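Structure record follows, encoded as structure tokens.
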Amino acid sequence: MLKTFLVEDEVVIREMIKKMIPWEQYGFELAGEASDGEMALPLILKSKPDLLITDIKMPFMDGLTLCKLVKKELPYIKIVILSGYDDFNYAKQAINIGVEDYLLKPITKNAFIERLEEIHNRYEHEKTQKEYYEKFKLEMQEYERNASRDFFESLVRADFDLEEIYRRADRLNLDIVAEAYNILIFTPDASDSSYNSSEGYSDWEAEVHKKIENYFLSHPVAMLFRHQVFSYAILVKGQRDTIKKNTCECVETIQKIMEETRANVDWFVAVGEEADRLSRIKQSYHTAARTYAFRYLYDGHILYYNMLEQVKENSADTSKTEAVQLKNVNINALNPEILQKFLSSGLEDEVDSFVHDYFHAIGREPMKSLVFRNYVVLNVRFSVLSFLKKIGYDDTELSREETDDVVKKTSQSTEASVAYAEEVLKRAIAIRDENAGSQNRSVLKQATDFIDGHYMDEEISLNRVAHAANVSANHFSALFSQNMGQTFIEYLTSLRMDKAKELLRCTSKRSSEIAGEVGYKDAHYFSYLFKKTQGITPSEYRKTRGEV
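With the UniProt record's numbering applied, the sequence shown closes on residue 548, and no number is skipped along the way.
Put into structure tokens, the structure is as follows:
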């Protein structure tokens, strides 16, 4: 329904207009009325109607003045002027203001309805176009943002030299020049289970991800990219005297978002060590990742790398008195939940660090006791078996191994116990990932089959594809990016461009026809996106088809 406001100083005419048009039948709703422009203006600005119908000659404030003031505040409003004056000057002023129609009184019911139907159709068309452009604007932003993500992933791995770094940054319009840098790694829930992909994200998680991404999307000194399926990494930049402040502001913002959204979750931020030049970003990332791996043993939400050793020392009892060895055990470190959380979402390349920190947290001195060492090893073993049973893998080589054999193998030294723990955790994670990978492959196969069969539908969306694959949209988005090496939008766009190139090579269809066949209603947007992704326009590509 188009909200309509009527301004007419003659009561009889105003009542006649109200009664002669079956407003709702033609998609209109009378939202208010007034007898002159002065009375109407505040009511219009408050109710924000879609259509204003006004007389031109009124006391106190005439129709043209009202139209100017309304258009200034509500630029998208439709305006129809009713006038008893066939004056070209009035009509010219109305056109300049942006009035939709200038109708002369008296106007018949049928003529009025005809004009209203035209206005309604124009309004719906413009609304559809606006929604369409908004949709593709967001898709383009996501496309460009994820191109940036790939760049940053290469950056922290130091996959190419500095010259290439700056060249790629320039192509992506990214300002990476700074005196100092730092890396943060953040997860909204450190207890997230990577093996149970069917659960997806809950509403609060979707809200957190949206708030985090929106905050960092246009941040002047911090850039966000995906780290793992359930975590982010943030590149912070600044001057040498501002990098600490910039880093702290990012951490504080994350903390604020988490506390406002949902306080009782296990979110975690790991802060790396600052780098004083771009070529040392890899080291900063390594320190952040090392700190991030300690999240299972740290009773807090924020941990800086320069605090890590102190935290580890505080978590272990370093008493040298043999007589009180077992009194010095850190009972909290023996909580089976720690192992369960790590098995649920830890990575294989985090195992060595985790096990080292786990035994360190228990305490060096207690581990000298053979009986206690055996207890710790069996606690690790039974936690692993319990986890594997939970995910449906209780009949494994690990479960068939005799307990006496395990004790005999690990009783020789703390080092042997550590080696055993590393081995079984890695084996369990490999089984978990293989199981999750099988589930993920099934989800992704369903998703890509659906995309391949519906890419030409302009209404295809991440939500529709996720529904077809029977997973939540947010989880599907992260899962697709992690496993396919590109986002849903990148995959869809690439598929559409490939189909477009095939049609450009093999047919004589116009570019506008091809745009419609590959899912783009707007030919201009199709051409823009083709040039953006392929480097040349559709017409330029067609000229080269003989060379392809």
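For each residue, glycine too, the CB sits at the ideal point set by N, CA and C. The structure presented is a predicted model; accordingly, all values stated were derived computationally and were not measured.
From the DSSP output, read off the bridge partner residues of residue i.
i	result
K78	L51
Q228	S231
F28	L2
I302	V269
K237	Y181
E33	L6
A275	Y181
S83	L104
Let me make sure I understand the geometry here. Which of the options has the alpha-carbon closest to that of residue i?
i	options	result
D266	F342, H125, T242 and S218	F342
L103	G63, Y26 and L492	G63
E24	H120, K72, K92 and I77	H120
W204	K245, E259, T410 and K237	E259
Y232	H209, R510 and F5	H209
V80	S472, I97 and A478	I97
T4	E249, G27, M484 and G363	G27
A447	S477, A430, L425 and L503	S477
K532	I185, A416, E490 and E114	E490
P336	I13, Y296, I95 and L308	Y296
R171	S494, T403, V465 and G535	G535
V371	F382, E401, F530 and T414	T414
L217	F354, C248, A206 and L174	L174
R381	A428, Q412 and S369	A428
K389	S511, Q412 and N435	N435
M367	D101, P106, Q412 and N483	Q412
E252	L303, R496, T291 and K109	L303
G392	D352, Q439, E365 and D405	Q439
M1	T65, K127, N246 and Q482	K127
R277	L155, R464 and D449	L155
Using DSSP with H/G/I as helix, E/B as strand and the rest coil, what is residue i?
i	result
N182	strand
N196	Note that N196 scores 47 on pLDDT, short of 50, meaning its location in the model is unreliable; the coordinates nonetheless yield the value given after this. The answer is coil: DSSP assigns N196 none of H, G, I, E or B.
V7	strand
E365	coil
M223	strand
Y420	helix
D101	strand
T128	helix
A515	helix
T187	strand
R496	helix
Q486	coil
M61	coil
G346	coil
A478	helix
K453	Per the sequence shown, the amino acid found at residue 453 is Gly instead of Lys. Helix at G453.
P22	coil
L174	coil
N435	helix
V471	coil
R510	coil
K521	coil
S284	helix
L370	helix
T537	coil
L162	helix
Y393	coil
Applying the criterion that 16 or more other CB atoms from any shown protein chain within 10 Å of the CB defines a buried residue, is residue i buried or exposed?
i	result
H227	buried
P188	buried
T318	Its pLDDT being 42, under 50, T318 is placed unreliably by the model, and nothing is read from it.
A421	buried
C223	A quick correction: the sequence has Met, not Cys, at residue 223. M223 comes out buried.
F488	buried
S83	buried
L339	buried
I212	buried
Y305	buried
Y358	buried
Y541	buried
M67	The amino acid occupying residue 67 in the given sequence is Cys; Met does not appear at that position. Buried: at least 16 other Cβ atoms inside 10 Å.
K501	buried
N214	exposed
F60	exposed
K408	exposed
K11	First, the residue type needs correcting, since residue 11 is Val and not Lys in the sequence shown. Exposed.
Y298	buried
Flag residue i as yes if its beta-carbon sits less than 8 Å from any beta-carbon of chain C, otherwise no.
i	result
Q228	No chain C is part of this structure, which consists of one protein chain only.
At least 3 beta-carbon pairs within less than 8 Å: the region 362 to 377 vs the region 345 to 354: Verdict: no, contact absent.
Should the region 520 to 527 be called in touch with the region 459 to 476, which here means at least 3 C-beta pairs below 8 Å? Between the region 520 to 527 and the region 459 to 476 there are fewer than three inter-stretch CB-CB distances shorter than 8 Å, so the stretches are not counted as touching.
Cβ pair count under 8 Å reaching 3, the region 178 to 188 against the region 274 to 288: Contact between the region 178 to 188 and the region 274 to 288 is present: 3 or more CB-CB pairs across the two stretches fall below 8 Å.
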